[in-house]
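Report on the following structure.
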Amino acid sequence: MDSKKFSVSRGIKMLLRELIIPIACALVVIQYVIQAFQIPSGSMEDTLLTGDFILGLKFTYGSPIPFTHSKFPGFTDPKAGDIVIFRYPGEPAYPDYDAKRYTHLADGLMFGNFYWDSKPIPGNPHLVHYADGPKDFIKRCIAVSGDTIAVHHGVLFQNGVEQKKLPGKGKYTAYSRTGVARDELSATRIPAVGDTIDLQNLSLPKLWWMKSLMAQENPEEKIELSLSLYRDSVEVDDYLFENFRVPVENDRGLLLNAVLSQGQIIGQGLQQGDTITGPAKFLMFKRLAQSGFLPRFDPNGRYNGFMRPVSYDYFEGAQLGDLAYNVSLDSSLSLSANLLVDGTPVKNYVVKYPVYFMMGDNRDNSADSRYWGFVSARNIKAKAFVVYFSFENSDAGFSFSNPISWFKIPFKIRWTRIGKIIHMIGE
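Pasting the structure below:
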């Protein structure tokens, strides 16, 4: 009898020592100390390579406070030159952009995020799985609040000075320069805390940037961009542009697909920098500008099982510049745009948190702040610190599903990159 009690007690102590306490410690470290990240693309080459696995330090800029959108004080703020991990500003923090309906339950790390739907469609589960989001990005901070940045012919200028110290160009250099965001960005001041932004006198792309910044700073509110098109002073939401001009560029994918789906025929010689012309519906712009994303799964559909999936395609604000340009070609057309906070139009906005401008080191092959705008301090997650593993598999020669390829593992590992301190790479 006594022996049995002793063994149960001993078993509980072993369970605590060997399993529960290590798991609890690991969760504390994951929550407050480190951020693991895998480099998925070449936008940061040659500093960070596709297949690098890195650790970022959360406490450097401030660890998150559980169950809130706030953070503990950090040791420092991001500075120009820092490589930063942050939440992508172009997507909602909550499914369907509805913070009142959804409650965040848990971050499943590699398994995505889980939410509780308080008002599911009858027959649908309450549990919602956001498998691929909200996404984390990694870029280099190239400007902070108060700085002015510009890009001319692909060359970066900070506060009027050409930047030769910050890494740039990477492996890929565009063979031609056009007026797209990759190559040209007019002098832009990074907003600072307390700045009052006049929302009525911004271009459509810059208004889109402010929509994104406001959404980052106010995650519990719904920020929308409302567009209205008028022909001879009469609103025409159902207007069809019969000859909508679209430049062939990477950030125009959604718009190019929409124009081409209307039956546009193109020749075989089409390349970046060319322009196609075809029909486009204004209503598409109006709907996308309002939310900023398209659901991949029907939010009103019926889903069996114990959880419902959500995932989104995103709308790049540069395409609003194409809309404004095409409207300007017809003197009978005019366009109005308003930012709404929980359905109420606002004319001015006061910036609440420090703001940053991010770019990839492989600048000509990087989707970054030139396309989707500013990053708020509220979206900053960690400072990139060390490469803890690196695996080169660009030729897809290794596959978990093909045991014959497993012998290649030692030859695929970039042994010399393991343990590299990231801010020292290239020095």
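The sequence shown begins at 0 in numbering that gives the first Met the number 0 and counts up by one. Backbone N, C-alpha and C fix where the C-beta goes; we use that ideal spot for every residue, glycine too.
Using a Cβ-Cβ cutoff of less than 8 Å, which residues in the same chain neighbour residue i once the five nearest sequence positions on both sides are dropped?
{"i": "ILE417", "result": "VAL386, TYR387, PHE388 and SER389"}
{"i": "SER232", "result": "SER333"}
{"i": "VAL247", "result": "LEU255, LEU269, GLN270, GLN271, GLY272, ASP273, THR274 and ILE275"}
{"i": "SER8", "result": "none"}
Quick one: what does DSSP say residue i is sitting in, helix, strand or coil?
{"i": "ARG176", "result": "coil"}
{"i": "TYR355", "result": "strand"}
{"i": "LYS205", "result": "helix"}
{"i": "ASP363", "result": "helix"}
{"i": "THR415", "result": "helix"}
{"i": "PRO409", "result": "helix"}
{"i": "ILE19", "result": "helix"}
{"i": "PHE281", "result": "helix"}
{"i": "VAL32", "result": "coil"}
Under a Cβ-count criterion, where at least 16 other Cβ atoms within 10 Å of its own Cβ denotes burial, should residue i be classed as buried or exposed?
{"i": "ASN378", "result": "buried"}
{"i": "HIS128", "result": "buried"}
{"i": "SER398", "result": "exposed"}
{"i": "TYR440", "result": "With the chain covering only 0 through 426, there is no way to say anything about residue 440."}
{"i": "VAL350", "result": "buried"}
{"i": "ASP236", "result": "exposed"}
{"i": "MET358", "result": "buried"}
{"i": "PHE74", "result": "exposed"}
{"i": "ALA427", "result": "Lying before the first or after the last residue shown, residue 427 is absent from the chain, which here runs from 0 to 426."}
{"i": "PHE406", "result": "exposed"}
{"i": "MET209", "result": "buried"}
Please return the same chain residues whose Cβ sits closer than 7 Å to the Cβ of residue i, not counting the five positions on each side in sequence.
{"i": "TYR352", "result": "VAL192, GLU216, SER375, ALA376 and ARG377"}
{"i": "ASP341", "result": "GLU220 and LYS221"}
{"i": "GLU391", "result": "GLY50, LYS411 and ARG413"}
What is the C-beta distance between residue i and residue j, in whole angstroms, given that I count them as a contact (C-beta under 8 Å)?
{"i": "LEU322", "j": "LEU203", "result": "7 Å"}
{"i": "GLU183", "j": "GLY132", "result": "Between GLY132 and GLU183 the Cβ distance is about 30 Å, and since that is not below 8 Å, they are no contact."}
{"i": "THR59", "j": "ILE424", "result": "The pair is not a contact, with the Cβ atoms about 18 Å apart (cut-off 8 Å)."}
{"i": "ILE148", "j": "PHE356", "result": "6 Å"}
{"i": "GLY153", "j": "ARG176", "result": "6 Å"}
{"i": "ILE84", "j": "LYS419", "result": "Actually they are not in contact, since the Cβ atoms of ILE84 and LYS419 sit about 17 Å apart, beyond 8 Å."}
Going by the beta-carbon positions, is the gap between residue i and residue j smaller than 7 Å?
{"i": "LYS285", "j": "LEU226", "result": "yes"}
{"i": "PRO88", "j": "SER290", "result": "no"}
{"i": "TYR348", "j": "ILE196", "result": "yes"}
{"i": "TYR311", "j": "PRO294", "result": "yes"}
{"i": "GLU44", "j": "ASN361", "result": "yes"}
{"i": "LYS70", "j": "GLY61", "result": "yes"}
{"i": "ARG369", "j": "ALA180", "result": "yes"}
{"i": "PRO308", "j": "HIS68", "result": "no"}
{"i": "ILE82", "j": "ILE403", "result": "no"}
{"i": "PHE296", "j": "LEU126", "result": "no"}
{"i": "LEU104", "j": "PHE113", "result": "yes"}
Only counting the same chain, and skipping five residues up and downstream in sequence, which positions put a Cβ closer than 6 Å to that of residue i?
{"i": "GLY316", "result": "PRO204 and TRP207"}
{"i": "LEU287", "result": "PHE314"}
{"i": "LYS118", "result": "ARG100"}
{"i": "GLY194", "result": "First, the amino acid is wrong: residue 194 is Asp here, not Gly. Same-chain partners within the cutoff: VAL350."}
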